[in-house]
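These notes concern the structure reproduced below.
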Amino acid sequence: MTGPARSGPAGGPGGSPGEGCSRASSSGATRYERSVRWWLNAYPRRWRVTYGDDLVATALELAVPGRRRFGVREGLALARAGWALRRRERPPWRVRVRVVLLGAPGVEDRVVHRAWLVDRALSPWLRLPGHLAFFGSIALLNVHAGLRGGSFVFHVVAAAVTLLAVVGPCVVPTWGRRASRAAWRALFPDEPPPPTIAPSPRPAPAHRPRDRGFGAR
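Numbering-wise (the numbering used here), the sequence shown opens with residue 5 and increments by one.
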């Protein structure tokens, strides 16, 4: 007597071959989508938030069945287009120096070079070179002071903390969003920060019924 069929892996007894094929194709599509999004990092974050999903959907529709990664040739073309967009939107060096050193652009700069300012506020990586140039010099001065006869351990620890404060927002997402909100308030004091860097909503506390005591009605 044959017993009831057991549920097994896809393609085996009790499994559906179609289910296994769809699962494999879904995994391939996910890997392909991650590959496309990796190449899209060449574009500014503002552009990716606005148009990234549409471009990824188009790439998935045009992808050859069974392909797991975005082609290198297509990826390089995408990267070149993204960097070309960044170069076109980059303001003159005088505006960049003023924003890096003073942290607050002029009223006209906020209008003419808004795209670049928005990208700088949203991305800690775009702020990293300017921060490294300033705070890296402070870290080197700390190390030099320690080598010249001061408290070496103290100055080395101070230099390490300084560099950590500069690099931390680039590698810790929560820290990066907090730093981006501060940069947004400095660049656009009259505008609220966009949802991409807004703080995560805190869960509401669970409501607990009041204990009325023993024998309470």
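For each residue, glycine too, the CB sits at the ideal point set by N, CA and C.
**OP:** Could you give the DSSP three-state label for residue 14: helix, strand or coil?
**Re:** Its pLDDT being 43, under 50, residue 14 is placed unreliably by the model, and nothing is read from it.
Original post:
In its own chain, which residues sit with a C-beta less than 6 Å from the C-beta of residue 119, not counting the 5 before and 5 after it?
Top reply: 93.
Original post:
Hey, residue 36 and residue 67 are a contact pair by Cβ (cut 8 Å); roughly how many whole angstroms apart?
Top reply: About 6 Å; that satisfies the 8 Å criterion.
Original post:
Under three-state DSSP, which class holds residue 47?
Top reply: It is coil, neither helix nor strand.
Subject >> Boundaries (first-last residue) of the alpha helix (DSSP H) holding residue 117 >> reply: Looking at the DSSP string, residue 117 is not in any alpha helix (DSSP H), and its letter there is neither H nor E.
**OP:** Using beta-carbon positions only, say whether residue 103 and residue 109 come within less than 8 Å of one another.
**Re:** In this structure, the beta-carbon distance from residue 103 to residue 109 falls below 8 Å.
Subject >> Same chain only: Cβ atoms within 6 Å of residue 139, ignoring 5 sequence neighbours per side >> reply: Around residue 139: 166, 170.
Original post:
In three-state terms, what does DSSP make of residue 109?
Top reply: Looking at residue 109 - three-state DSSP - the assignment turns out to be coil, as it is neither helix nor strand.
Original post:
Does DSSP classify residue 81 as helix, strand or coil?
Top reply: It is helical.
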